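Enquirer: Structure incoming, see below.
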Amino acid sequence: MKNELKRVCVKPYDKDRFEVINDYAFSLPSFNGVVPKGFKTDGASIPRIFWSFYPPFQSEYFTACVIHDYLCEKANSRKDYKLADLALKEAMQELKCSKFKCFIFYHACNIFHFLKCFVKD
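Written out as structure tokens, the structure reads:
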């Protein structure tokens, strides 16, 4: 039987930010890891103009965004960002987000990280 991805538990930390209240272990098809207690996140880093379509704190994909934020914070290379983006996509799929949302989030992050790494080099 396949493990279901559990939801992360957070508490409000600051305006538009949350703190993970317990170590959060996750298992995805391509990656396993732990988001440590105390990690702070802003949910989905979506430009405010799109918040009416994709709110940054939507419970449907919030857990996937916490995993992605944590992996991005630890990323040191384009390869690390690609892994973080893949983890986001897989977590959203595990959370039963629509294929369209998975596609939009994954490719938006992937393009952003490509440009970020391109400009940085």
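Position 15 of the sequence shown, counted from 1, bears residue number 15 in UniProt numbering, the numbering being contiguous throughout.
The beta-carbon is built from N, C-alpha and C at its ideal position, and this holds for glycine as well.
A quick note: this is a predicted structure, and the numbers were derived from the prediction, not measured.
One question on the structure: do cysteine 109 and alanine 84 come within less than 9 Å of each other, judged by their Cβ atoms?
Expert: As a position in the sequence shown, residue 109 is number 109, starting the count at 1. As a position in the sequence shown, residue 84 is number 84, starting the count at 1. Contact: yes.
Enquirer: Considering tyrosine 24, what are the terminal residues of the beta strand (DSSP E) in which it resides?
Expert: Position 24 of the sequence shown holds residue 24. First-last of the beta strand (DSSP E) with tyrosine 24: 24-27.
Enquirer: Counting C-beta neighbours from all protein chains within 10 Å, is the total for alanine 38 16 or more, i.e. buried, or is it exposed?
Expert: Taking the first residue of the sequence shown as 1, we reach residue 38 at position 38. With the sequence shown as reference, residue 38 is identified as glycine, and alanine is not the correct amino acid for it. By the 10 Å Cβ count, glycine 38 comes out exposed.
Enquirer: Would you check if the stretch 97-105 and the stretch 70-77 touch, i.e. whether three or more CB-CB distances between them fall below 8 Å?
Expert: No, they do not touch.
Enquirer: Consult DSSP for phenylalanine 18 and reduce its assignment to one of helix, strand or coil.
Expert: For the purposes of this step, residue 18 is taken as residue 18 along the sequence shown, with counting starting at 1. It is a strand residue.
Enquirer: Is the beta carbon of arginine 7 sitting closer than 9 Å to the one on threonine 63?
Expert: If you number the sequence shown from 1, residue 7 lands on position 7. If you number the sequence shown from 1, residue 63 lands on position 63. Yes, these two residues count as a Cβ contact at 9 Å.
Enquirer: Give the DSSP-derived three-state secondary structure of tyrosine 13 in the structure shown.
Expert: The residue labelled residue 13 in the question sits at position 13 within the sequence shown. Strand.
Enquirer: Specify the secondary structure class of asparagine 76 as computed by DSSP and reduced to three states.
Expert: Numbered from 1 along the sequence shown, position 76 holds the residue referred to as residue 76. Asparagine 76 falls in the coil class under three-state DSSP.
Enquirer: Per DSSP, what kind of secondary structure is valine 8 in: helix, strand or coil?
Expert: The count along the sequence shown starts at 1 and reaches residue 8 at position 8. Valine 8 falls in the coil class under three-state DSSP.
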